[in-house]
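Numbering (our numbering), first residue to last: 31 to 282. Report on one structure; see the data block that follows.
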């Protein structure tokens, strides 16, 4: 497996990445919470991009995968800074962002902060504002007290070790919420969501669709698909939606 390249952000964090040269607009994959760029969707889309001759970028946020820093020290704002640095420094021209889970939230932040760099958006099981709406609002009184007093709380995970949720993650997340203010998406936008997603409820996708504004926004629900959204049909559907977005950009 090819070793990653590294980008040092303005904050001094070292971000691991893999970049594929090709035609623009390029495609940038933004991964999920505690996931990494070696995941099924990221690798599949990289191969798809190579077959298309399309520029492609995948990277690890700080505290994730092969990048620097500890996961527990990070927060949404840090990871958004990492994404902004990667997109700004490592891509040429406008890009189509593909955000998975937390990456959906990060990509929505990028649409507001890097307006000239975003030509289209595809999200997969997007989890905007999850630190507030899912974590904090779902905590018991005991968990909230532990978070305040100890600065962290451990949540069980189906994906391995428990997630350590810090007070900073929750509090800093409130500075980056996207569903409490206007969310203009003035480019082709596709939201994909599985109905059997146990981590991000289908209602989140419906709320996002209702909240966002734009001339070309669509939501596709896949009956029975889970949060991973990584079987052959789901992967093909992601690629189809990226192709649709690219086609619409080209014909605009």
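C-beta atoms are modelled at their ideal positions from N, C-alpha and C, and glycine is treated no differently. It should be emphasised that the depicted structure is a prediction, and the values quoted were computed from it without experimental measurement.
Once DSSP output is grouped into helix, strand and coil, what is the label at residue i?
{"i": "residue 281", "result": "helix"}
{"i": "residue 41", "result": "coil"}
{"i": "residue 223", "result": "strand"}
{"i": "residue 59", "result": "strand"}
{"i": "residue 184", "result": "strand"}
{"i": "residue 261", "result": "coil"}
{"i": "residue 32", "result": "coil"}
{"i": "residue 253", "result": "coil"}
{"i": "residue 53", "result": "strand"}
{"i": "residue 228", "result": "coil"}
Starting from residue i, trace the beta strand (DSSP E) both ways and give me its first and last residue.
{"i": "residue 234", "result": "No beta strand (DSSP E) holds residue 234; the alpha helix (DSSP H) holding it covers 232-241."}
{"i": "residue 153", "result": "148-154"}
Residue i and residue j look like a contact to me (Cβ under 8 Å); what is the Cβ gap, rounded to whole Å?
{"i": "residue 251", "j": "residue 225", "result": "6 Å"}
{"i": "residue 73", "j": "residue 128", "result": "Incorrect: roughly 13 Å between the Cβ atoms, too far for contact."}
{"i": "residue 260", "j": "residue 71", "result": "6 Å"}
{"i": "residue 113", "j": "residue 203", "result": "That belief does not hold up - the Cβ atoms of residue 113 and residue 203 are roughly 15 Å apart, past 8 Å."}
{"i": "residue 268", "j": "residue 152", "result": "7 Å"}
{"i": "residue 49", "j": "residue 75", "result": "Rounded, the Cβ-Cβ distance is 13 Å, inconsistent with contact."}
Kindly list the residues whose CB is nearer than 7 Å to the CB of residue i, restricted to its own chain and excluding five residues on each side of it in sequence; keep chain order.
{"i": "residue 205", "result": "107"}
{"i": "residue 284", "result": "The structure shown does not extend to residue 284, since the chain is modelled only from 31 through 282, so no value can be given for it."}
Short of 6 Å in beta carbon distance, which residues of its chain neighbour residue i, apart from the five on each side in sequence? Order them along the chain.
{"i": "residue 209", "result": "158, 159 and 241"}
{"i": "residue 123", "result": "54"}
{"i": "residue 110", "result": "136 and 139"}
First and last residue of the alpha helix (DSSP H) that includes residue i?
{"i": "residue 73", "result": "70-82"}
{"i": "residue 107", "result": "106-120"}
{"i": "residue 123", "result": "Taken as a continuous stretch (DSSP letters only), residue 123 belongs to no alpha helix (DSSP H), as it is neither H nor E."}
{"i": "residue 203", "result": "197-203"}
Return the residue from the list the options that minimises the CA-CA distance to residue i.
{"i": "residue 257", "options": "86, 130, 36 and 202", "result": "130"}
{"i": "residue 207", "options": "49, 45, 136 and 37", "result": "136"}
{"i": "residue 156", "options": "125, 228, 149 and 177", "result": "228"}
{"i": "residue 163", "options": "270, 238 and 142", "result": "238"}
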